[in-house]
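Top line first, the protein sequences correspond to chains G and P. Just so you know, the numbering used here puts 87 at position 87 of the first sequence, and the rest follows in order with no gaps. Here the numbering used here runs 1000 ahead of the position in the second sequence, where the first position is 1. Ideal placement from N, C-alpha and C gives every residue a C-beta, glycine not left out. For clarity, every value in this text was computed on a predicted model and none was experimentally measured. What follows is a single structure, written as structure tokens, with notes after it.
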Amino acid sequence: GEDVEQSLFLSVREGDSSVINCTYTDSSSTYLYWYKQEPGAGLQLLTYIFSNMDMKQDQRLTVLLNKKDKHLSLRIADTQTGDSAIYFCAEMAGNNRLAFGKGNQVVVIP
Amino acid sequence: NAGVTQTPKFRVLKTGQSMTLLCAQDMNHEYMYWYRQDPGMGLRLIHYSVGEGTTAKGEVPDGYNVSRLKKQNFLLGLESAAPSQTSVYFCASRPIDRVANTGELFFGEGSRLTVL
């Protein structure tokens, strides 16, 4: 079955880079995702990467995928206070279900 | 365009009471999901539906029932609430996009349920 692991907490100073890591188990996942949850809100898709890619860059976001080690990371450049949130990685499991990690809370210190 | 709407947003129940959470989406999505979010546990899938009239169990289905009588609505029922069901519940939906299905889920804002 699918299992997605994340560390739980990260604090970072405004302007620095943040890196969040995730490991997953289902090597057949076609897409891997990063979702962002702001306080009191639902999750919103931040970015995704197709499994045949190693890297995807989207403005301040860089996603790295290491399929051999089943490792996914999200780098946020020039972290801003609006980036304070919980970040979830997720993989598309069988039967059209998304399996989420436990989430990583990022706190940006001004 | 309201997206995914959950009602109620907050509810307090006593042990043994029953209630239904309603999820409504106006995007004509085929797939709908109910998750629960607990501290340190992430999101866990309770039940899901791949179309009107169909439902399936997720990771943690015990103590919950669901129905998808209309495509736009997905109901989550608790027949006899227990304190372990205190949680924040999220509904989500997504379309079938046969050309470029990235699998993006669209989430509601959550329903906070407390069982005393």
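Sequence-distant residues of the same chain with beta carbon closer than 8 Å to residue i, five excluded per side
| i | result |
| --- | --- |
| Ser17/G | Arg75, Ile76, Ala77, Asp78, Thr79 |
| Ser949/P | One cannot answer for residue 949/P here, as it falls past the ends of chain P, which runs 1001 to 1116. |
| Leu1013/P | Met1019, Leu1078, Ala1081, Leu1113, Thr1114, Val1115, Leu1116 |
| Ile109/G | Ser11, Val12, Arg13, Glu14 |
| Leu8/G | Lys102, Gly103, Asn104, Gln105 |
Contacting residues, own chain, Cβ-Cβ under 6 Å from residue i (five flanking each side not counted)
| i | result |
| --- | --- |
| Asn96/G | none |
| Gly1077/P | Thr1020, Asn1065 |
| Gly1/G | Unreliable positioning characterises Gly1/G in this predicted model, as indicated by a pLDDT of 45, which lies under 50. A coordinate reading is not provided. |
| Asn21/G | Ser73 |
| Gln44/G | Lys36 |
| Phe1010/P | Arg1112 |
Delimiting residues of the beta strand (DSSP E) encompassing residue i
| i | result |
| --- | --- |
| Asn66/G | 61–66 |
| Ile20/G | 18–24 |
| Asn1073/P | 1073–1078 |
Nearest-angstrom Cβ-Cβ length linking residue i and residue j, presumed shorter than 8 Å
| i | j | result |
| --- | --- | --- |
| Leu98/G | Gly1103/P | 7 Å |
| Glu1109/P | Gly42/G | 5 Å |
Within-8 Å CB hit, residue i to chain B
| i | result |
| --- | --- |
| Gly1063/P | In the structure shown, chain B cannot be found, because the protein chains are G and P. |
Amino acids of chain P, ordered along the chain, whose beta-carbon sits closer than 9 Å to that of residue i
| i | result |
| --- | --- |
| Ala41/G | Phe1107, Glu1109, Gly1110 |
Under 7 Å by beta carbon: chain P residues contacting residue i
| i | result |
| --- | --- |
| Phe100/G | Gly1042, Leu1043 |
Chain P contact residues for residue i, given Cβ-Cβ distances below 8 Å
| i | result |
| --- | --- |
| Arg97/G | Tyr1033, Leu1045, Tyr1048, Gly1058 |
| Leu8/G | Gly1040 |
Contact set between residue i and chain G, taken where Cβ atoms lie within less than 8 Å
| i | result |
| --- | --- |
| Ser1102/P | Inspection of the sequence shows that residue 1102/P is occupied by Thr rather than by Ser. Correct list: Tyr31, Tyr48. |
Proximal residues of chain G, C-beta to C-beta of residue i below 7 Å
| i | result |
| --- | --- |
| Phe1010/P | Within chain G, no residue comes near Phe1010/P; the closest Cβ sits about 11 Å away, beyond 7 Å. |
Contact the stretch 79–89 of chain G vs the stretch 1028–1036 of chain P: 3+ CB pairs below 8 Å: The stretch 79–89 of chain G makes no contact with the stretch 1028–1036 of chain P: fewer than 3 CB pairs, one atom from each, lie closer than 8 Å.
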